[in-house]
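In my numbering, the protein residues as written are 22 to 155. Everything on this sheet refers to the single structure shown next.
Structure representation (structure tokens):
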């Protein structure tokens, strides 16, 4: 079984390779939506799958760069302005050839300034629709 590290990860957002601008990524969670199905008088919690699935928000962080193709140009420009805003295609590659592909909206973009440090950014990306694992 192959093992992979950060050097084996890559990510494109809206067709732009953002890998060089990312220094950390939160966990990628895909979950089945459950409903509480515990009856009155039952002691133990019970759940029932609704048949719906969702993926958690993704948080990409790194050093801020306002150049063309940098985080500001790509993520900040992708903040939705209304219901007609199209989602961006995202492809994350984990190691060799394992990919997670989905459409997403950048829902938050922030810059963090700290004394004696380089300005950093954080982009929160929310998957919408199905996640395709290949």
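Every residue, glycine too, gets a C-beta built ideally from N, C-alpha and C.
Exercise. Identify whether residue 101 lies in helix, strand or coil by the three-state DSSP scheme.
Key: Coil, per DSSP.
Quiz item: Excluding five sequence neighbours on each side, which residues of the same chain lie with their C-beta closer than 6 Å to the C-beta of residue 100?
Solution: So the list reads 127, once near-sequence residues are dropped.
Quiz item: Is the shortest distance between the beta-carbon of residue 58 and the beta-carbons of chain D less than 8 Å?
Solution: The structure shown has no chain D; it contains just one protein chain.
Quiz item: Does the stretch 50-66 come close enough to the stretch 25-40 that 3 or more CB-CB pairs lie under 8 Å?
Solution: A contact is defined here as three or more CB-CB pairs under 8 Å, and the stretch 25-40 fails this definition with respect to the stretch 50-66.
Self-check item: Cβ shell of residue 115 (< 8 Å), same chain only, five flanking positions each side left out
Solution: Once the five neighbours on either side are set aside, the close Cβ partners of residue 115 are 25, 29, 30 and 121.
Quiz item: With C-beta atoms as the reference, is residue 80 less than 8 Å away from residue 145?
Solution: Against a cut-off of 8 Å, the Cβ pair of residue 145 and residue 80 comes out as a contact.
Quiz item: Under three-state DSSP, which class holds residue 161?
Solution: Outside the shown range of the chain, which is 22 to 155, sits residue 161, and nothing can be said about it.
Quiz item: For residue 58, does the three-state DSSP call read helix, strand or coil?
Solution: It is coil, neither helix nor strand.
Quiz item: In or out: residue 82 buried (at least 16 other Cβ within 10 Å) or exposed?
Solution: A buried status is given to residue 82, since no fewer than 16 other beta-carbon atoms sit within 10 Å of its beta-carbon.
Quiz item: From 63, 153, 67 and 39, pick the residue whose C-alpha is nearest to that of residue 88; which is it?
Solution: Here the closest residue by C-alpha is 39.
Self-check item: Neighbourhood of residue 70 by C-beta, 7 Å cutoff - its chain only, sequence neighbours within 5 removed
Solution: Within the same chain, and ignoring the five residues on either side of residue 70 in sequence, the residues whose Cβ sits closer than 7 Å to its Cβ are 53 and 55.
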